[in-house]
Every structure is written in C-alpha cells, then in structure tokens.
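Using my numbering, count along the sequence shown one by one with no gaps and you end on 230. Each residue gets a CB set at the ideal place from its N, CA and C atoms; glycine is no exception. Everything numeric in this text was worked out from a predicted model, so none of it was measured.
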Amino acid sequence: MSKFKPVLGVAAAVAVVAVAVTACGSKDSGAPTTTTAPAASTAPATMAGMNASGMGVTTASEVFGPNCKDLPQGDTAGGLTAMGTQPVATAASTNPLLTKLVAAITAIPGLADTLNTTDNLTVFAPADAAFTALGDAKFKELAANPKELAPVLQYHVLPKRYDRDGLVKAGKVQSLDTAGGDITIAGTGDDITVDGAKVLCGNIPTRNATVFVIDKVLTPKA
C-alpha cells in the first residue's frame, strides 16, 4: 500500500491548487467542475480570453527566447498559431518543451480542466530539463508531502494575464501562493528572468493564458 502514497499526496496538493485557481479566475468563467475539457475555440488568439483591459494577450509573432525555434511552426500540432486557439492545458499538451509538466497535470483528475476553464492566467511552465535538474529525490519528497507541494505548484501561476512588457513593467508580481512572496522579473528584451529562472520561450499565446517556458522550477520564499 505504501507505494501509492506519493500519488495520493500529489492529488491532494493539486486539489488545493485547483481551488485557488478557480477562486482567482474571471467571474465570468463559470468555474465548471466537470471533467470534460471544453472544445477549443477557433477565435483568433488576439480576441479569445482577452481580459478587461486587453493587456497580456499575445500572438504567435510576439514570442521570444532561444528555445522558441524548437517548437513546431504554423498551424501544425504544437505550433504557436495552433496553440493560440486552445486553452492552456490543451495547448501545453502539444508543446514538446513541456512533456513532463503535462504528464504530471494529466495524471491528476480535474487539474487540466481547471486550468482550461479559468480566464486570464499567466503560467510559468518549467521545461523538461528543469524537472530533471530538480532531481528524483526532491520530486518524490514533494509528492509525498502535499502541504509542501501545493505552494510550489501555486507559485507558477499568476491570477492575472501578463505579456513580457507587462511583467517587466511590473517588476514584481504575485502568484496564487500569496504567502510565497513576490516573484521578481528582471532583464530586458529577449533576456528575461523570472525569480532567476531564464525564460526559454515567452509570450506563448493560448486561449485563456500567456505562457512563459522557464529553465528552473520556482521555489516559494516562505
């Protein structure tokens, strides 16, 4: 029976994250609780998921970073144009930089739906190499301790949609893990860091969120 404890720990932690994301989402999102993902919108990325001010919504032509070239191009699966019409968890599932992150999300019932149906998010998404650098021992430790894991997961999601310019202008932003402290944005142009993590590909458009692929797993400060 003990071999199942890590999985149950992750599930409990993600439940906490799901509640936080839903609570911070748009009041118009409806906060669906079903486990069936909504059909992807065919609306242009510049209109779908736009927040009240219109800020933070990007297009495929606005992505930046050294690893954007590793993504499929155009309308093919995983391409930036294709991802722009899909909700964030669905879009991430086609992104070759995020296979480990997606595997973790899809292993937890309901988490993908929560991310897909919450409006106006910014997601700092650790690339596969970031999880490798974290180490198996640390990951297993987190998985076995949902109270420790939950704030780490929350720390990667902002309840407001930002593009690169918005993040740089803000300088400091707050995640769903409000107890974890501010996240510091530094740098200019294509050389941007998020709490010291380098942005590998940023301004990635999805229907309801703007995604920044980063090279480290962020750690709350408290």
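Closest by C-alpha distance to A205, out of V131, G188, A145, D223, is D223. By the neighbour-count criterion, in which a residue is buried when 16 or more other Cβ atoms sit within 10 angstroms of its Cβ, A133 is buried. By the neighbour-count criterion, in which 16 or more other beta carbons inside 10 Å mark a residue as buried, Q81 falls on the exposed side.
Of the residues assessed, S101 falls on the buried side of the cut-off, its CB having 16 or more other CB atoms within 10 angstroms.
In this structure, G73 places its C-beta atom within 7 Å of the C-beta atom of L208. Uninterrupted beta strand (DSSP E) stretches at least 3 residues long and entirely within the region 85-142 occur at 129-134, given in chain order. In terms of Cβ geometry, V221 and L105 form a close pair [threshold 7 Å]. Here the alpha carbons of V202 and G64 stand approximately 16 Å from one another. Taking every protein chain shown into account, the CB of S183 has 16 or more other CB atoms within 10 angstroms, so this residue is buried.
If you keep only unbroken alpha helix (DSSP H) runs of at least 4 residues inside the region 172-229, you get 172-178. About 6 Å separates the beta carbon of P213 from that of A68, a gap short enough to meet the 8 Å contact definition. Cβ-Cβ separation between A187 and L129: approximately 19 Å, too far for a contact (criterion under 8 Å). Annotated three-state conformation of V160 is helix, per DSSP. L166 has T130 as its beta-bridge partners, per DSSP.
In chain order, N211 place their CB closer than 6 Å to the CB of E70, counting only its own chain and leaving out the 5 sequence neighbours on each side. Burial is judged here by how many other beta carbons sit within 10 angstroms of a residue's own beta carbon; G143 has fewer than 16 and is exposed. If you ignore the 5 residues before and after A178, its C-beta comes within less than 8 Å of the C-beta of Y170, I193, all in its own chain and listed in chain order.
When the alpha-carbon of L226 is set against those of L175, A138, V219, P95, the nearest one is in A138. Sequence-distant Cβ neighbours of V96 in its own chain, meaning closer than 8 Å and more than five residues away, are L123, N124, L129, V131, T214, R215, N216, A217, V219.
Put simply, the backbone Cα of T66 is about 13 Å away from that of L175.
The straight-line gap separating the alpha-carbon atoms of D173 and G197 is approximately 9 Å.
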